[in-house]
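Residue numbering for the sequence shown follows the working numbering, beginning at 469 and increasing consecutively.
Built from N, CA and C at the ideal position, the CB exists for glycine as well.
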Amino acid sequence: MHEEEILVTRPSMPPIEEYIEELRDIWESRWLTNMGAKHRELQQRLEKYLTVQHVDLLTNGHMALELSMQALRLTGEVITTPFTFASTTHAIVRNNLTPVFCDINENDYTIDVDKIENLITERTSAIVPVHVYGNICDVERIQEIADKHNLKVIYDAAHAFGVRYKGKGICSFGDVSCLSFHATKVFNTIEGGAVCFSERNKDFGLDIYRLKNFGIRNEECVDAVGANAKMNEFCAAMGLCNLRHVDEEIKKRKKIADIYRKAFEGTEGLKLNPIQKDVETNDSYFPVIFNEGRFGASRDAVRAKLAENNIFARRYFYPLTNTFEAFHGKYDTSKTPVALKYSREVLTLPIYAGLPPKEAARIADIVLSCKK
Ligand code: T4K
């Protein structure tokens with residue numbers, strides 16, 4: 469039995485001296501929050517790194533989603549998927565909008581674009597697809613549908629930091645993309661998030677800037693009911709440090725993903741994340757779908773076996789958001805059968821830059837030892 473526990477992820481952190489160096493500026497300026505120098509610098513650096521026209525920083529990915537929906541003045545129904553973190557659905561409901569759940573596709577677990585149009589009604593105002601695990605949605609088809617029906621598109625890009633499609637930053641698609649910089653993400657600012665949008669959505673940018681600061685337009689005018697969702701300088705400083713190392717971190721993740729892929733290749737009953745065409749991925753998660761009939765062991769049996777070995781894989785995303793107690797049985801999960809099936813079969817294995825390759829190999833061995 470190995471002493472140290474292995475969790476599904478472990479935050480990336482810069483050398484402490486690097487962070488202290490950033491903190492010195494904060495101490496000297498005594499500017500701690502409210503769009504200070506670190507905030508502005510991180511914003512600019514991220515615009516370059518992500519190759520998007522505009523980035524605005526927020527306290528977390530959830531507020532990025534919630535305030536984006538408010539800023540775009542969505543009404544009525546919003547089409548989304550339930551195979552995601554609570555945040556996506558909660559952001560919709562907290563805006564007094566009705567989530568309409570679309571199933572996911574069997575290949576990459578993103579929204580099934582063939583099923584979107586059937587769900588559109590005269591009340592639909594937007595589509596909120598999720599680039600789940602960093603797998604990108606069919607952004608072209610989604611835009612076609614949105615244009616045809618005059619809908620907004622807000623991507624939940626919490627998992628998709630740095631992902632590129634056909635050489636373009638993935639956050640340049642749709643009206644808005646929302647990122648999470650939570651501690652557990654590929655790139656973190658401890659807690660944090662951002663909205664990415666283009667020049668043609670400049671008004672959205674003005675609204676978000678106001679909404680994250682209580683809706684204050686100027687000292688005498690508060691003309692929107694905003695929240696407080698400003699990223700503070702300590703978080704922005706962490707982001708500046710982590711951004712210097714993020715390419716290296718993604719490379720190390722890739723190594724871990726390769727170890728798992730090699731170990732599991734051709735194993736009956738295991739389905740791995742697809743390698744998407746024209747996509748530079750970030751290996752943010754390593755989901756495995758366990759088909760109990762063919763693999764001979766259930767997802768939960770594998771999870772238990774790993775836990776016996778002090779390895780704590782997670783069931784992202786189980787349960788589906790449309791089954792949450794908070795919704796009192798309001799949604800019919802039989803309308804999202806693929807999502808329901810995969811939520812019962814998926815296990816995301818530990819993956820992070822600091823995971824030693826030999827530990828990844830050991831994890832793979834334990835998984836394979838469950839096969840009957
Ligand atoms: N949309 C999607 C699709 C998302 O996945 C998320 C967040 C959001 C929106 C919202 O973005 P944020 O508002 O969070 O920025 C974790 C994260 O808290 C959450 O950010 C993330 N998705 C979700 C997928 O995972 P939990 O409930 O699993 O967190 P927890 O505390 O169990 O931590 C996960 C693992 O990481 C544990 O094994 C412990 C380890 N850990 C955690 C922290 C906080 C560490 O080693 N160090 C740490 O500092 O939600």
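As an exercise, report each continuous alpha helix (DSSP H) stretch of at least 4 residues that is fully enclosed by the region 607-647, in chain order. 607-617
Through-space distance from Phe763 to Ser648, alpha-carbon basis: 34 Å
Own chain, CB closer than 8 Å to Thr543, minus 5 neighbours either side, in chain order: Leu565, Arg591, Ser593
Residues bridged to Phe423 by DSSP? Lying before the first or after the last residue shown, residue 423 is absent from the chain, which here runs from 469 to 840.
Got a sec: does the ligand T4K put a non-hydrogen atom nearer than 8 Å to the Cβ of Asp624? yes
Ignoring anything shorter than 3 residues or poking outside the region 652-727, list the beta strand (DSSP E) runs there in chain order. 661-665, 684-686
Following a CB-centred definition, is Tyr784 positioned closer than 8 Å to any heavy atom of the ligand T4K? yes
State whether the region 652-659 contacts the region 473-482, with contact taken as three or more CB pairs (one from each stretch) at a distance under 8 Å. yes
Which residues in the same chain as Gln538 place their Cβ atom closer than 7 Å to its Cβ, once the five residues preceding and following it in sequence are excluded? Asn563, Leu679
Any heavy atom of the ligand T4K closer than 8 Å to the CB of Asn528? yes
My understanding is that Tyr487 touches Cys709, with C-beta atoms under 8 Å, so please give their C-beta distance in whole angstroms. 5 Å
In the DSSP assignment, the alpha helix (DSSP H) including Thr556 goes from what residue to what residue? 554-562
For a test of your reading of the model: does the CB of Pro479 fall under 8 Å from any non-hydrogen atom of the ligand T4K? Yes or no. yes
State whether the region 818-838 contacts the region 740-758, with contact taken as three or more CB pairs (one from each stretch) at a distance under 8 Å. yes
Paired residues, beta bridge with Phe758 - DSSP: Leu738
Give a single yes or no on whether Thr804 has its beta carbon closer than 8 Å to a heavy atom of the ligand T4K. no
Is it true that the region 516-535 meets the region 630-649, where meeting means three or more beta-carbon pairs spaced less than 8 Å apart? yes
What are the boundary residues of the beta strand (DSSP E) that includes Leu524? Here residue 524 is Asp; the residue named in the question, Leu, does not match the sequence. Residues 522-526.
Any beta strand (DSSP E) of 3 or more consecutive residues that is wholly inside the region 782-840: 814-817
Between the CA atoms of Asn586 and Arg712 - distance to the nearest angstrom: 45 Å
With DSSP as the reference, label Glu489 as helix, strand or coil. helix
Report yes if the C-beta of Phe629 is less than 8 Å from at least one heavy atom of the ligand T4K; otherwise report no. no
Neighbourhood of Leu491 by C-beta, 8 Å cutoff - its chain only, sequence neighbours within 5 removed: Phe702, Ala705
Distance cut-off 8 Å: Ala704 Cβ against heavy atoms of the ligand T4K: no
If you follow the beta strand (DSSP E) that Ala594 is in, where does it begin and where does it stop? 592-596
Terminal residues of the continuous beta strand (DSSP E) containing Glu545? 545-548
Please state whether DSSP places Glu496 in a helix, a strand or coil. helix
Length of the line joining the Cα atoms of Ile727 and Glu496: 46 Å
Range covered by the beta strand (DSSP E) that runs through Val568: 566-569
For Thr519, which of Val546, Asn777, Glu472, Ser640 has the nearest alpha-carbon? Ser640
Three-state secondary structure (DSSP) of Ile579: strand
Distance between beta carbons of Ile676 and Ser440, contact taken as under 8 Å: Coverage of the chain is limited to positions 469 through 840, which leaves residue 440 absent and any answer about it impossible.
Apply the 10 Å Cβ neighbour rule to Arg721 and answer buried if 16 or more other Cβ atoms are within range, or exposed otherwise. buried
Between the C-alpha atoms of His599 and Asp571, what's the straight-line distance to the nearest angstrom? 14 Å
From Asp746 to Asp606, what distance separates their C-alpha atoms? 12 Å
Per DSSP, the bridge partner or partners of Val747: Tyr633
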